[in-house]
Amino acid sequence: MTAERKLLVVQVAGLGWDLLNKYGSSRWDELRFEPAQSVFPAVTCAVQAAFRTGLMPVDAGMPGNGFYDPKLNKVFFWEQSSSLVQGERIWDDFRARGGKSGMLFWQQSMGEQVDFIMTPAPIHKHHGGMIQDCYSQPKDLYQRVADSMDRTFDLKYYWGPQASCLSSQWIAKATEKVMQMDDAPGFLMTYLPSMDYDLQRYGVSHESSGVALRELFVDLDLLRKAAKDKGYELLVFGDYAIADVTAGPVYLNRVLLEEGYLKTREVKSRLYADLPGSRAFAVCDHEAAQIFIRDEDDSKKVLKLINNVEGVETVQDNIAVAADGSWFAYQWWDDDAMAPEYATHVDIHNKPGFDPCELFTGNFFWQTSLDATRVGGSHGRVGPGREVCWTSTLWNDDVEDLLELSRRVEEYLG
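Reminder that position 405 of the sequence shown reads as 404 in numbering that gives the first Met the number 0, one-by-one numbering, no gaps.
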């Protein structure tokens, strides 16, 4: 019976094929990892949207981790509404037949048509600081899990200068606890983020990446055992492959500012982007950047300008792709003294671009860095040398890409 089928899907940030073979082995006891292509852009939200729908990210409504809303004249990053992801879900038929499904620590999970949800949802206090919490369905799920572990989820280990393997350790243990519940979902998706941190901080070639991989397999071993004990099949896949930054950051918004396309406004000696008044700007997201051009008459000039910037490999459909070894930093200011107030803080929702500098401490311990040259690794590109890896108790043959894996999961669930 379809509803009795049980499958645990584990998405692993940064689990690239080359990384695995550099610091580990494709053999994992009786299982064997195989290479596959990710989807473009190979960033968290885009990959997750593609996997849950079987569609390319642009068709699933998630062209990256962020997007620009022309009606609101605002850039949004890391928004959590499931309605942002368009398309039918690969578990819809399984659930319609009575199967339960769950999603732990995936992006855009709030309001998703699943039975179990757990995702970080802190409450930001009016005068600074925050109340740590996780949103969950059923409402008591997070508290049940935290009580059984005797510890709550600590957001500082999930992102920021202190981000570490402690985040994945908690999530792996929480996933085990969910599988052990009497009402556990038959189809469960979870996410292990922590390999992403040191690979971005220091790059794949740094020895810390090997340490991160070994730490990951402690969590994977726990999940494999828990899945086997509870009768779950297992699928583990990497979402993107991180590569060393060898040429440094590319500042597209500085170029657009210099040429008069991006407008700014100065507030108390700090320079903020004036998106409503701008003719063009770049929403930078690792190795990809969405180029927004307000007037079609400017389109050819702007795209030619971007295409000629050193560190840009190509521009297609208004999306710039960084050359191998480069990445796109969102900053538009040259003088750090004029950086917006949010620039020196972990502020993933106010910054109009992804900022890996948040992984580094700044001039003071309560600040994050402004120095984009410190970033050692980036991702987003696909193609040769950027394969991710996957393994499963269900399949051991060749898979072209993550969309094919998604289709196989849908077929298995029935």
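Built from N, CA and C at the ideal position, the CB exists for glycine as well.
This structure is a prediction, so every number in the text was calculated from the model and none was measured.
Item: Hey, which unbroken runs of the alpha helix (DSSP H) at 4 residues or more fall wholly within the segment 100–165?; Value: 140–148
Item: Pull up the CB-CB distance for S298 and I292, whole angstroms please, since I reckon it's below 8 angstroms.; Value: 5 angstroms
Item: P40 and A211 look like a contact to me (Cβ under 8 angstroms); what is the Cβ gap, rounded to whole Å?; Value: Actually they do not touch by this definition, with Cβ atoms about 22 angstroms apart.
Item: Would you list the residues sitting across from K73 in a DSSP beta bridge?; Value: D68
Item: Which residues bound the beta strand (DSSP E) around G247?; Value: G247 to V249
Item: Identify, in the order they occur along the chain, each residue of the same chain with its Cβ nearer than 7 angstroms to the Cβ of D218, setting aside the five sequence neighbours on each side.; Value: S167, Q168, A171 and L191
Item: Excluding five sequence neighbours on each side, which residues of the same chain lie with their C-beta closer than 7 angstroms to the C-beta of R31?; Value: S25, T390 and N395
Item: Mapping DSSP to helix, strand and coil, what is V398?; Value: coil
Item: For A322, name the three-state secondary structure that DSSP assigns.; Value: coil
Item: Mark D335 as exposed unless 16 or more other C-beta atoms lie within 10 angstroms of its C-beta, in which case mark it buried.; Value: exposed
Item: Could you say which of G247, D346 and M102 lies nearest to W90 if we only look at CA atoms?; Value: M102
Item: So does the segment 10–18 actually touch the segment 231–242, counting three or more Cβ pairs closer than 8 angstroms?; Value: yes
Item: Would you grab the beta carbon distance between F93 and F186 for me? Rounded to a whole angstrom, and I think it's under 8 angstroms.; Value: 6 angstroms
Item: In the segment 204–258, which residue ranges form an unbroken alpha helix (DSSP H) of at least 4 residues, counting only runs that do not cross its ends?; Value: 206–228 and 251–257
Item: Threshold first: 3 residues or longer. Then list the beta strand (DSSP E) segments lying entirely within the segment 274–350, N to C.; Value: 279–284, 287–292, 311–315, 318–321 and 325–327
Item: Within the continuous beta strand (DSSP E) that includes F50, where are the two ends?; Value: It is not in any beta strand (DSSP E) - F50 instead sits in the alpha helix (DSSP H) that spans T43 to T52.
Item: Could you tell me the boundaries of the beta strand (DSSP E) in which W16 lies?; Value: First-last for W16: W16 to Y22, but that is the alpha helix (DSSP H), not the beta strand (DSSP E).
Item: I'd like to know whether the C-beta atoms of C244 and W326 end up nearer to each other than 8 angstroms.; Value: The sequence given here places Val at residue 244; Cys does not occur at that position. Yes.
Item: Output the boundary residues of the alpha helix (DSSP H) element that contains M194.; Value: M194 to Y201
Item: Any idea what DSSP makes of S368, helix, strand or coil?; Value: coil
Item: I'd like the list of long-range same chain contacts for M337, defined as Cβ closer than 7 angstroms, with 5 residues on each side in sequence excluded.; Value: S268, R269 and L270
Item: Out of G127, R407 and P351, which one is the CA nearest neighbour of Y67?; Value: P351
Item: Excluding the 5 residues preceding and the 5 following D397 in the sequence, name in chain order all residues of the same chain whose CB lies nearer than 8 angstroms to its CB.; Value: E33
Item: Reducing DSSP to helix, strand and coil, say where M178 ends up.; Value: helix
Item: Under the assumption that G376 contacts V203 (Cβ atoms under 8 angstroms), give the Cβ distance between them as a whole number of angstroms.; Value: 6 angstroms
Item: Return the first residue and the last residue of the alpha helix (DSSP H) that R94 is part of.; Value: D91 to A95
Item: Tell me which residue opens and which closes the beta strand (DSSP E) that F186 is part of.; Value: F186 to L191
Item: Name, in chain order, the residues that DSSP records as bridge partners for Q389.; Value: The sequence given here places Trp at residue 389; Gln does not occur at that position. Answer is E33 and F236, bridged to W389.
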